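Novice: Here the numbering used here = 1-based position in the sequence shown + 4.
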Amino acid sequence: MSKVHTRDLSFELRAGETLLDGLERTGHAVEYQCRSGYCGACRTPLVDGRVRYPETPLAFVASGEVLPCCCRPDGEVRLDVPLLILKQQA
Ligand code: FES
Numbered sequence: 005m006s007k008v009h010t011r012d013l014s015f016e017l018r019a020g021e022t023l024l025d026g027l028e029r030t031g032h033a034v035e036y037q038c039r040s041g042y043c044g045a046c047r048t049p050l051v052d053g054r055v056r057y058p059e060t061p062l063a064f065v066a067s068g069e070v071l072p073c074c075c076r077p078d079g080e081v082r083l084d085v086p087l088l089i090l091k092q093q094a
């Protein structure tokens, strides 16, 4: 299992859960559309750690970014993503 750190909290990814699923479950503000690596809507800044893609995504991913809908963390990762409620209050 992988530990995920964000701006506001840390959580463990559950078995079979995508990074996007985990971020949603824990109340983070993440955009998405296709949930399968095509659109790039879920593009999220990666602050630390590494991810891999079981299948190469069609959407462009720059270094320092990840597509949480279709990547697998390689150990601990740190993402620059806020909680939904904090984003709404800003
Ligand atoms: S939601 Fe489309 S690439 Fe992640």
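For every residue, glycine included, the Cβ atom is placed at its ideal position computed from N, Cα and C.
Note that the structure is a prediction, hence the values are computed from the model and not measured.
Would you kindly work out how many angstroms separate the C-alpha atoms of L87 and P58, rounded to a whole number?
Specialist: The residue given as residue 87 occupies position 83 in the sequence shown. The residue given as residue 58 occupies position 54 in the sequence shown. Straight-line Cα distance between these residues: approximately 27 Å.
Novice: Can you tell me whether A66 sits near the ligand FES, meaning its C-beta is under 7 Å from at least one heavy atom of the ligand?
Specialist: Translated into the one-based positions of the sequence shown, residue 66 becomes position 62. No, since every heavy atom of the ligand FES falls outside the 7 Å radius drawn around the Cβ of A66.
Novice: Could you compute how far the alpha carbon of V81 sits from the alpha carbon of C43?
Specialist: In the sequence shown, counting from the first residue as 1, residue 81 sits at position 77. In the sequence shown, counting from the first residue as 1, residue 43 sits at position 39. Rounded to whole angstroms, V81 to C43 spans 22 Å at the Cα level.
Novice: For L88, name the three-state secondary structure that DSSP assigns.
Specialist: For the purposes of this step, residue 88 is identified with residue 84 of the sequence shown, where counting begins at 1. Reduced to three states, the DSSP call for L88 is helix.
Novice: Thinking C-alpha only, which one of D84, G79 and C75 is nearest S40?
Specialist: Numbered from its first residue, the sequence shown carries residue 40 at position 36. Of the listed residues, the one whose Cα sits closest to S40 is C75.
Novice: Could you have a look at R29 and say whether DSSP puts it in helix, strand or coil?
Specialist: Numbered from 1 along the sequence shown, position 25 holds the residue referred to as residue 29. In this structure, R29 counts as helix in the three-state DSSP scheme.
Novice: Could you pull the start and end residues of the beta strand (DSSP E) that D52 belongs to?
Specialist: Residue mapping note: residue 52 aligns to position 48 of the sequence shown, counting from 1. Residues T48 to R56.
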